[in-house]
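Student: So that we are looking at the same thing, I have put the structure below in structure tokens.
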Amino acid sequence: MPANTPRGYPYPLYTDPANFTTQVGNFATAVDTDVQAQANRISGALNYPSVRISATANQSIAISTDTYATFATEDYDNDSMANLGVNNDRITFTTAGIYLISAEVNFVNNLNATTNGRAVVLVSSTLNEIAWNSLRGTTAADTEETLPYLHQATAGEFLRVRVRHNSGAAVNISARSLSATRVA
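Just so you know, the working numbering puts 1056 at position 73 of the sequence shown, and the rest follows in order with no gaps.
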């Protein structure tokens, strides 16, 4: 009586009658079925809804003013979540699910400004503020913030990146991006 590995691959026991062709054939078929199932899962994962929008041109952020980051480039989008010609400050989920969100913002140093806080906030159209991060800025170097977040999104919900600072003068944001990839 043949036995099975934890993955379901059959193999003969020592006491089984030898039938090499059948036994190797059964083993090869089981391995091939398992590998194909894994390939199908990988292919399916590559086709999960995913989007990334970005911009590099400076955007001025006034002192102590909530401002939505704007984006100019659609790096990739396989589920029609970005429409920068209509709304250049958001992505809109077209497929419900759990998404890995990443917002990245670079606050340009301002030698004339004080080095107070810089904040990045993810804002949902249905849940308001869902995640935020704040760092103290510097006058000598840019302040880069990355905000990762897992989010249960609904179809039609949109997501934006809000920035704010409380330095003594306007501060620019330069390189920035917003991405979302469905993971479940």
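For every residue, glycine included, the Cβ atom is placed at its ideal position computed from N, Cα and C.
1) Name the DSSP beta bridge partners of Thr-1126, please?
2) Buried or exposed: where does Glu-1128 fall if 16 or more other Cβ atoms within 10 Å of its Cβ makes it buried?
3) Taking the beta carbon of Tyr-1082 as the centre, do at least 16 other beta carbons fall within 10 Å, making it buried, or is it exposed?
4) Is the beta carbon of Leu-1094 sitting closer than 9 Å to the one on Thr-1122?
5) For Thr-1039, name the three-state secondary structure that DSSP assigns.
6) Mapping the DSSP letters down to three states, classify Phe-1141 as helix, strand or coil.
7) Taking all protein chains shown into account, do 16 or more other C-beta atoms lie within 10 angstroms of the C-beta of Glu-1112, making it buried, or fewer, making it exposed?
8) Quick check: the Cα distance between Thr-1078 and Leu-1130, rounded to an integer number of angstroms?
9) To the nearest angstrom, report how far apart Asn-1099 and Asp-1049 are at their CA atoms.
10) Following the continuous alpha helix (DSSP H) through Arg-1024, name the residue where it begins and the one where it ends.
11) Might you give, ordered along the chain, the residues of its own chain that have their beta carbon closer than 8 Å to the beta carbon of Gly-991, omitting 5 neighbours on each side?
12) Report back the beta-carbon spacing between Ala-1045 and Ala-1138 to the nearest angstrom; my notes put them in contact at under 8 Å.
13) Counting C-beta neighbours from all protein chains within 10 Å, is the total for Phe-1076 16 or more, i.e. buried, or is it exposed?
14) Secondary structure at Ala-1070, three-state DSSP: helix, strand or coil?
15) Going by DSSP in three states, Arg-1119 sits in which element: helix, strand or coil?
16) Less than 9 Å between the C-beta atoms of Ser-1108 and Glu-1140, yes or no?
17) Which residues in the same chain as Pro-985 place their Cβ atom closer than 8 Å to its Cβ, once the five residues preceding and following it in sequence are excluded?
18) In the DSSP assignment, what are the bridge partners of Ala-1102?
Tutor: On the basis of the supplied data:
1) According to DSSP, which records beta bridges pairwise, Thr-1126 is partnered with Phe-1090.
2) With 16 or more other Cβ atoms within 10 Å, it is buried.
3) Counting of Cβ neighbours within 10 angstroms places Tyr-1082 among the buried residues, the total reaching 16 or more.
4) Cβ distance < 9 Å, so Leu-1094 and Thr-1122 count as in contact.
5) Three-state result, Thr-1039: coil.
6) Phe-1141: strand per DSSP, three-state reduction.
7) So Glu-1112 ends up on the exposed side.
8) Thr-1078 and Leu-1130: Cα-Cα distance of roughly 22 Å.
9) The alpha-carbon atoms of Asn-1099 and Asp-1049 are separated by roughly 15 Å.
10) Membership of Arg-1024 in the alpha helix (DSSP H) is indicated by the continuous run 1003 to 1029.
11) The answer, listed in chain order, is Ala-1013 and Asp-1017.
12) About 34 Å separates the CB atoms of Ala-1045 and Ala-1138; that is not less than 8 Å, and the two are not in contact.
13) The residue in question, Phe-1076, is buried, as its Cβ has 16 or more Cβ neighbours within 10 Å.
14) First, the residue type needs correcting, since residue 1070 is Asn and not Ala in the sequence shown. If DSSP states are grouped into helix, strand and coil, Asn-1070 belongs with coil.
15) It is a strand residue.
16) The answer is yes: Cβ separation under 9 Å.
17) For Pro-985, where only same-chain residues beyond five positions count, the Cβ hits under 8 Å are Pro-993, Tyr-994, Pro-995, Leu-996, Asp-999, Gln-1006 and Asn-1009.
18) In the DSSP output, where bridge partners are listed per residue, Ala-1102 has Ser-1117 and Arg-1147.
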